[in-house]
Amino acid sequence: STHSTHDENATTQQQQQNQPRTPSPHYNPLLAFPPLLNADKAFDTPSAASLNSTQWALSDGSGRLFVCGGAGNADRAKELLYNGNLSPFFIHLYVPSLNTLVISTTLTFDSDDVTKKTQFDLLAVDLASASETLNDGVLWRLRTLDYPCLVDYVDGEWVVGSASGFCGVEKDGSIEGVAGAADGATDAEQTQKGEQANQRHPPAQYGWSQDDDTVTVSVKLDHIGEKNSYAPVIHTNQIKLPSLNPEFVPLYADVDPEESTWTLNRQLSLLEVDLSKKSQSHVRWVDLFDQSFTPPFGTVDETRSKEDLEEALQSMEKYTQEGLVDGTQEPQLRPGGLNDIPSLAKGEMDDSVDSSVGKTMVMTRFRDVSELTAYPAHQLLSTPLPSYPSPHPSIVISHDVSLSGTLFDLGTLSHLDTFAALPFVMASKRDLRFAYHLSNSLVVVFEGGKIEGAGNAYIYYQCEGDGVSAAQSVVQIGGHQKGALLGVSYFHSKHLLVALCENCLVILSNLI
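So for the sequence shown, the working numbering puts the first residue at 13; every next one is plus one.
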């Protein structure tokens, strides 16, 4: 009997050891914010940034910044002022190599134009120089009509984005002496320039299509003259089409000039150029030319064959079925999932909805704030999942023609991968709060949990190889008694996704 009891205890202990441990958080107060000086005044969302392993920069949302160390002792508050008053701000980014904090603040102006009553300033603050106030350390200041949706620092270059683009203002927020920032005629000129930049060129006399290995360009010739007036010149990453433009233009990706060919159909006055994809065969080109370049002869969308369109529709079927993942399995509901979760994309597509999903973003890049480079507007679908360690900077934007989400490296602007049907499935979300991607492995779409039945996180995994279906998961993160979702973060070493809601902390394990 004694041996039997001992064996049972040993078995129980072994079973307990084999069971996965449930992660449990430990709470350590960093700083108790002093009472707000003007509780009745407008304030921003409290925010924070990790400066190093022991120090944090904390904002209470009133316009004050606190830097506290591991012992919990905080330096005195440093204020951001505008016209002599506290200016509430939100912390977007900390760049350790520059010891610089990037914050945004909301400004209100008297204007007959309702779209200009509320504007947003984005500021870079050198903490080492901010001796008395944050204003002392301002390195640059930009202004936009919409809340900044992208803030990053990549390879020595600032990358920012908002729906209306940015213009430079003085470090104190004034617009005197700043070209392109004043109201009146200058503002009208900026608007006119923006409209001209976004206007589509007249229909170009060319088209293009592709398969796994080749991109075919067809150019309609007005007349056939000397050979040098129409013969293309093909290099690895650029091409010259004399009938369209006398200069070389950059291609979307590298090609093999030796394997590329061209033919002239004199009867149809048609030049056909077959560009052999170099190293990335089987990878679809999103555009014919480099996306940072706007050809003077106009842009055209890819001509898709009937077979391509049927394949694209097939790849979307997994989202239109009642939760089927691979045709045989039920949806993968992780612990915490509900039985009454709405279908991920029920019914037919609505082009008017699907084409407008995401946030309109005008991306602006610069090294010197006096030389801003703005790019054409795109629909921003996803940014990197806030993680530790920090993820490589990238974005996912909507590609209207293929109804896919295209993943781009934010530094090189190179196309990394494609998430099939992502705009389509995102368009069905009623209460979209965040959309994040984890490299090219998956996209997580979070609902805010502010409306009844919402609060879910939809996880879309990448297709494997040339597959047309992929796994998907749904888990309830917020909503109900948990409250609205405030923010999320992912910890690579533990494979843990941590979600902060109004009333609780939710931890999801084994995301990958």
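We put the beta carbon where it would ideally sit given N, CA and C, even for glycine.
From a predicted model like this one, the values you see are computed outputs, not experimental measurements.
With respect to Phe132, Thr112 sits apart: the two C-beta atoms are not nearer than 8 Å. Rounded to the nearest angstrom, the gap between the Cα atoms of Gly185 and Cys80 is 28 Å. In the three-state reduction of the DSSP assignment, Asp164 falls in the strand class. The beta-bridge partner set that DSSP reports for Asp421 consists of Ser406. Taking 8 Å as the upper bound for CB-CB distance, Tyr387 and Val374 are in contact here, some 7 Å apart. For the pair Gln217 and Val231, the Cα-to-Cα distance works out to about 6 Å. Spatial neighbours of Thr57 in its own chain (CB-CB distance under 8 Å, excluding positions within 5 residues in sequence) are listed in chain order as Gly73 and Phe102. Contact between Glu91 and Leu146 holds: CB atoms are separated by about 7 Å, below the 8 Å threshold. In the DSSP assignment, Gly180 is bridged to Leu154. Where Phe436 is concerned, the enclosing alpha helix (DSSP H) starts and stops at Leu434 to Met438.
CA-to-CA, the gap between Lys128 and Thr376 works out to about 20 Å. Annotation for Glu383: no residue places its beta carbon closer than 6 Å to its own, counting only its chain and skipping 5 residues before and after. Checking the DSSP bridge columns, you'll see Lys506 has no partner listed. Within its own chain, the residues whose Cβ lies closer than 7 Å to the Cβ of Gly499, once the five positions on either side in sequence are excluded, are Leu512, listed in chain order. The DSSP assignment places complete beta strand (DSSP E) segments of no fewer than 3 residues inside the stretch 239-324 at 250-252, 273-277 and 282-288, in order along the chain. The closest CA to that of Tyr502, considering only Pro401, Leu256 and Gln493, is found on Pro401. Pairing Val486 with His104, the inter-Cα distance amounts to about 29 Å.
With 16 or more other Cβ atoms from the protein chains shown falling within 10 Å of its own Cβ, Gly461 counts as buried. Looking at the DSSP output, Ser71 sits in a beta bridge with Ser59 and Leu77.
Residue pairing by DSSP places His427 opposite Phe420 in a beta bridge. Here Leu280 has no same chain residue with a Cβ atom under 7 Å from its own Cβ, once five neighbours each way along the sequence are excluded. Taking Leu282 as the centre and dropping the five residues before and after it, the same chain places the C-beta of Ser230, Val231, Lys232, Leu233 and Leu276 closer than 8 Å to its C-beta, in chain order.
Straight across, the Cα-Cα distance linking Ala60 with Val163 is about 15 Å.
Looking at the DSSP output, Val137 sits in a beta bridge with Leu113 and Val150. In the three-state DSSP reduction, Gln493 falls in the helix class (H, G or I). DSSP places Ile103 inside the beta strand (DSSP E), whose first and last residues are Phe101 to Val107. In the three-state scheme derived from DSSP, where H, G and I count as helix and E and B as strand, Lys90 is classed as strand. Our two residues, Thr306 and Leu98, have alpha carbons roughly 43 Å apart in a direct line.
In the DSSP assignment, the residues bridged to Arg377 are Val171 and Thr385. For Gly423, the closest of Asp125, Gly168, His507 and Pro37 by C-alpha to C-alpha distance is Gly168.
DSSP lists Val500 and Val518 as the bridge partner or partners of Ala511. Judged by DSSP in its simplified three-state form, Lys371 adopts strand. In this structure, Tyr94 lies near Leu119, with their beta-carbon atoms less than 8 Å apart. Counting the other Cβ atoms within 10 Å of the Cβ of Ser62 gives fewer than 16, which makes it exposed. The criterion of a C-beta distance shorter than 8 Å is satisfied by Asp268 and Lys290.
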